[in-house]
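Q: In the working numbering, the protein residues as written are 1 to 416. Built from N, CA and C at the ideal position, the CB exists for glycine as well.
1) Check each candidate in 261, 235 and 341 and name the one with the smallest Cα separation from residue 289.
2) Counting contacts by CB-CB distance shorter than 8 Å, is residue 361 in contact with chain D?
3) From the DSSP output, in three-state form, read off residue 362 for me.
4) Name the one or two DSSP bridge partners that residue 74 has.
5) I need the boundaries of the beta strand (DSSP E) containing residue 220, first residue and last residue.
6) For residue 232, collect the residues of the same chain with a Cβ closer than 6 Å to its Cβ; drop the 5 residues on either side in sequence, then sort them by chain order.
7) Hey, residue 304 and residue 257: beta-carbon distance below 8 Å or not?
8) Rounded to whole angstroms, what is the Cα-Cα separation between residue 157 and residue 150?
9) What is the DSSP secondary structure of residue 14, counted as helix, strand or coil?
10) Between the alpha carbons of residue 431 and residue 96, how many angstroms are there, rounded?
11) Name the two residues that bound the continuous alpha helix (DSSP H) containing residue 193.
12) Any contact between the segment 357-370 and the segment 44-51? By contact I mean 3 or more CB pairs, one from each, below 8 Å.
13) If you follow the alpha helix (DSSP H) that residue 339 is part of, which residue opens it and which one closes it?
14) Assess contact between the segment 244-252 and the segment 122-139, defined as three or more Cβ pairs (one per stretch) separated by less than 8 Å. Is contact present?
15) Check residue 28 in the structure and name its three-state DSSP category.
16) So, using beta-carbon positions, are residue 369 and residue 59 closer together than 8 Å?
17) Closest to residue 313 by C-alpha separation, out of 349, 200 and 282, would be which residue?
18) Are residue 367 and residue 333 close, meaning C-beta to C-beta below 8 Å?
19) Whole angstroms are fine: how far does the CA of residue 143 sit from the CA of residue 417?
20) Judging by CA-CA distance, which residue of 91, 216 and 71 is the nearest neighbour of residue 51?
21) Within 10 angstroms of the Cβ of residue 30, are there 16 or more other Cβ atoms? Answer buried if so, exposed if not.
22) How should residue 155 be labelled, buried or exposed, when 16 other C-beta atoms within 10 angstroms of its C-beta is the threshold for buried?
23) To the nearest angstrom, how far is it from the Cα of residue 306 to the Cα of residue 109?
24) Closest to residue 93 by CA distance: which of 57, 126, 21 and 275 is it?
25) When the Cα of residue 18 is compared with those of 78, 116, 134 and 342, which residue comes out closest?
26) Look at the alpha carbon of residue 64 and the alpha carbon of residue 218, and state the distance between them as a whole number of angstroms.
27) Starting from residue 140 and walking both ways along the alpha helix (DSSP H), at which residues does that stretch end?
28) Counting along the chain, where does the beta strand (DSSP E) carrying residue 310 start and finish?
29) Report the option in 189, 138 and 400 whose CA atom is closest to the CA atom of residue 175.
30) Verify whether the separation of the beta carbon atoms of residue 90 and residue 33 is less than 8 Å.
31) How close, in whole Å, do the beta carbons of residue 141 and residue 196 come, if the pair is a contact with beta carbons under 8 Å?
32) What's the C-alpha gap between residue 270 and residue 308?
33) State yes or no: is the C-beta of residue 74 within less than 8 Å of the C-beta of residue 118?
34) What is the rounded straight-line gap between the Cα of residue 1 and the Cα of residue 25?
35) Quick one: Cα of residue 81 to Cα of residue 124, how far?
36) Applying the 10 Å Cβ sphere with the 16-neighbour rule, what's the burial state of residue 377?
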């Protein structure tokens, strides 16, 4: 608390109010960083986006990014600073890296998890900090499938994590006994009992996520991990009710969506990351996931209560041929968005979206409803602020940073 003298000699009490409902002091962020000073037209990159009970202050979302820095599935201070930095700098929604619902569902021994109660403790610390910045955070949940028990990518992108390195090479499972590549191990085909256990683990993980206090859940069904590998005939050659036809290959994902929707509150947002392609379309004779199937699945997921489709392909098959470039995944998202028109479900894209004008272009032409950014945030945590400057939009920033640029609660920074 501080005081100042008014011109007539009266004392004016000025209080640096703290954030509410947190266990530590930090100045309240109201409005939160990333909120435009002036209302923006609907569909603008800096216009609000509604997800059931959540209103996102802009349409720039932090994409899930594995940090390979957890111990026995427990997040560490690294994750707190990593995710917290985005919360303080204007991203409307932060999606955590994937959290495995079972130990053998991790990508690497250093992946985060949500398979036991103790893991909720550091997760609560992360969520509390994000909320202290008046920001929102979703947890991404999944199972690595045949891409589990691998070495972290900065050491070796193809090596298996052996038992001596805390790996579990004998417990790697998939819909079919088909390896990701000739260099990787052959997974065990999941039995119906294995599938039942996966669903039980999933339910337990969802319940923990709610206790932790996450604002939304994203189901990871892309990048070649377990749920994605059930979707594609390139990796799923089962002959039971979980393989063969489109209806069978999508069955497990739909069941997971139903289980999740039945647990979370009615106003709780549910997101699904799913592929638009396997990037095997260079050879039509290869079994593969097609964009038409993605659109069909999108409509089904809308009916099942999914609120947002996060379209991100690749990573399913080592034979893939990806021509990367600016917004290279946006066409797949745009095709899905067209297919789900009229359902109310939102669609986003990710992948080499590197400027505010580029992102705004995708919203303006109707390709997507929002954008996800990963590597851009790693290189530039202040990306939202820089994109706003690029688009000539004034936004609020964290009070601790804004004052250095002449900003107050009532006075914006003039950029020109």
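A: So, from the listed chains and residues:
1) 235
2) The chain inventory of the structure shown lacks chain D, comprising one protein chain alone.
3) helix
4) 71
5) 216-220
6) 278, 289 and 316
7) yes
8) 8 Å
9) strand
10) This structure leaves residue 431 out entirely; the chain is present only between 1 and 416.
11) 192-212
12) yes
13) 330-339
14) no
15) coil
16) yes
17) 349
18) yes
19) Because the chain here runs from 1 to 416, residue 417 falls outside it and cannot be looked at.
20) 216
21) exposed
22) exposed
23) 30 Å
24) 57
25) 134
26) 10 Å
27) Segment 137-142 is the beta strand (DSSP E) holding residue 140; no alpha helix (DSSP H) there.
28) 308-311
29) 189
30) yes
31) The Cβ separation is near 18 Å, so there is no contact.
32) 7 Å
33) yes
34) The predicted model places residue 1 with a pLDDT of 46, which falls under 50 and marks its position as unreliable, so this point remains unresolved.
35) 14 Å
36) buried
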